[in-house]
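First comes the structure, then the notes that go with it.
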Amino acid sequence: MKTRVKVIVPATSANCGPGFDVLGAACNLYNEFTYELTERGFELEVTGEGSERLYASGKNLAFSSFFRLWNEMTDRRYTGLKVTMHNRIPLSRGLGSSSTAIVAGLMAANYLTGSTLTKEQLVNYATEIEGHPDNVAPALLGGFTVSYMAHNRANSLRFIPAHELRFIAAVPSEPLSTARAREAIPETVSHKDAVFNAGRSALLVSALLTGEYKYLPDALEDRLHQPYRMPLITGTQAVFKAAKNVGAYGAIISGAGSTLMAYASPQADCEKIGAAMKLAFEKAGQQAVYHVLKLDTEGARVVDN
Numbered sequence: 099m100k101t102r103v104k105v106i107v108p109a110t111s112a113n114c115g116p117g118f119d120v121l122g123a124a125c126n127l128y129n130e131f132t133y134e135l136t137e138r139g140f141e142l143e144v145t146g147e148g149s150e151r152l153y154a155s156g157k158n159l160a161f162s163s164f165f166r167l168w169n170e171m172t173d174r175r176y177t178g179l180k181v182t183m184h185n186r187i188p189l190s191r192g193l194g195s196s197s198t199a200i201v202a203g204l205m206a207a208n209y210l211t212g213s214t215l216t217k218e219q220l221v222n223y224a225t226e227i228e229g230h231p232d233n234v235a236p237a238l239l240g241g242f243t244v245s246y247m248a249h250n251r252a253n254s255l256r257f258i259p260a261h262e263l264r265f266i267a268a269v270p271s272e273p274l275s276t277a278r279a280r281e282a283i284p285e286t287v288s289h290k291d292a293v294f295n296a297g298r299s300a301l302l303v304s305a306l307l308t309g310e311y312k313y314l315p316d317a318l319e320d321r322l323h324q325p326y327r328m329p330l331i332t333g334t335q336a337v338f339k340a341a342k343n344v345g346a347y348g349a350i351i352s353g354a355g356s357t358l359m360a361y362a363s364p365q366a367d368c369e370k371i372g373a374a375m376k377l378a379f380e381k382a383g384q385q386a387v388y389h390v391l392k393l394d395t396e397g398a399r400v401v402d403n
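With the first letter of the sequence shown counted as 1, position 59 gets the number 157 in our numbering; the numbers rise by one all the way through.
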């Protein structure tokens with residue numbers, strides 16, 4: 099029986115503008131996890147993002163997600179687990195860092211118990227842990243995903259856009275917790291705003307599938323969550339405007355934030371867009387870095403040890 103496995107999981111950007119809790123995309127920024135079964139105790143080694151904040155415990159998602167599946171799939175009870183992480187995805191920035199830990203744990207447990215479950219089946223386990231599938235689905239499946247709940251199960255439709263895109267992620271120094279971002283959203287919205295978002299979500303998916311990217315500036319608009327979260331992220335409107343002024347189709351709040359993400363053509367000057375977004379953040383009073391990203395089409399994967 100195998101006792102060690104390495105898993106790579108991509109960053110994700112949930113909502114994609116108007117697709118609140120439904121749409122998600124995987125990006126080519128990765129966290130790496132190595133799982134090793136041991137005789138006793140929990141051990142965690144972390145390099146990169148979050149190294150000063152993460153520690154080994156049963157409440158750590160990288161551990162709890164592993165044992166959620168391990169304990170169901172086998173009666174062989176190891177009392178120990180060592181996890182080694184190399185994190186490139188910043189914490190509490192809307193790029194799916196917590197989802198990578200959930201997905202890594204499930205992928206590792208599935209592999210070490212014989213790889214009996216498909217990624218589609220793992221989406222449901224991951225949703226049970228995360229509470230919603232918009233981040234965990236693209237992290238597992240890659241590409242863009244449309245996720246929904248039916249009969250108490252999570253389901254996701256994966257697709258690849260007709261043409262390539264670039265995603266310019268401007269990551270500010272100021273974090274934003276998912277809990278705080280969700281608290282900012284009202285429990286009800288007007289029928290007018292609901293219709294607006296239904297139209298924009300349909301337009302966004304249609305534009306991506308047909309390659310009619312001239313519709314993206316309108317398709318990325320949102321009225322369900324972004325207007326309520328903008329005040330929580332210093333400089334949002336200025337960063338959005340800066341991105342469009344130098345060639346982006348538009349910009350969104352990635353997940354719950356605080357990362358702001360511009361969508362652009364591969365032919366656009368993406369470094370210029372990133373620099374403009376960074377400068378807009380700095381003028382608003384906070385430091386930022388940016389990443390020019392592509393769509394990850396594979397999702398989480400086990401790599402040869």
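Glycine is no exception: its CB is placed at the ideal position from the N, C-alpha and C atoms.
The model shown is predicted, which means the values in this text are computed figures rather than measured ones.
| Item | Value |
| --- | --- |
| For residue 269, the first and last residue of its enclosing alpha helix (DSSP H) | Run containing residue 269: none in the alpha helix (DSSP H); it sits in the beta strand (DSSP E), 264 to 270. |
| Stretch-stretch touch, CB-based, cutoff 8 Å, three pairs: the region 117 to 125 with the region 328 to 347 | no |
| Same chain, Cβ closer than 7 Å to residue 390, five either side skipped, listed in chain order | 264, 266, 368, 369 and 372 |
| Beta-carbon spacing of residue 375, residue 341 below 9 Å | yes |
| Selected residue, minimal CA-CA separation from residue 143, among 131, 135, 274 and 295 | 131 |
| Residue 243 versus 114, 206 and 335, residue with shortest Cα-Cα distance | 114 |
| Residue from 358, 300 and 226 whose Cα sits closest to the Cα of residue 163 | 226 |
| Pair within 9 Å by beta-carbon distance, residue 197 and residue 188 | no |
| Cβ pair count under 8 Å reaching 3, the region 131 to 140 against the region 212 to 231 | no |
| Boundaries (first-last residue) of the alpha helix (DSSP H) holding residue 120 | Residue 120 -> no alpha helix (DSSP H), and no H or E assigned at all. |
| The region 276 to 284 / the region 348 to 358 touching (three or more Cβ pairs under 8 Å) | yes |
| Reduced DSSP secondary structure (H/G/I, E/B, other) of residue 325 | helix |
| Cβ-Cβ separation, residue 302 to residue 317 (assumed contact under 8 Å), whole Å | 4 Å |
| Sequence-distant residues of the same chain with beta carbon closer than 8 Å to residue 418, five excluded per side | A query on residue 418 cannot be resolved here, the shown segment of the chain reaching from 99 to 403 and no further. |
| Identity of the residue in 326, 286 and 395 nearest residue 260 by Cα | 395 |
| Where residue 372 sits in the DSSP three-state scheme | helix |
| Residue 166 in three-state terms, based on DSSP | helix |
| Start and end residues, alpha helix (DSSP H) containing residue 315 | 314 to 317 |
| Proximity below 9 Å, CB of residue 362 to CB of residue 346 | yes |
| Local Cβ density within 10 Å of residue 359, reported as buried at 16 or more and exposed below that | buried |
| Same chain only: Cβ atoms within 8 Å of residue 385, ignoring 5 sequence neighbours per side | 270, 271 and 379 |
| Test item: CB-CB of residue 111 and residue 357 under 9 Å | yes |
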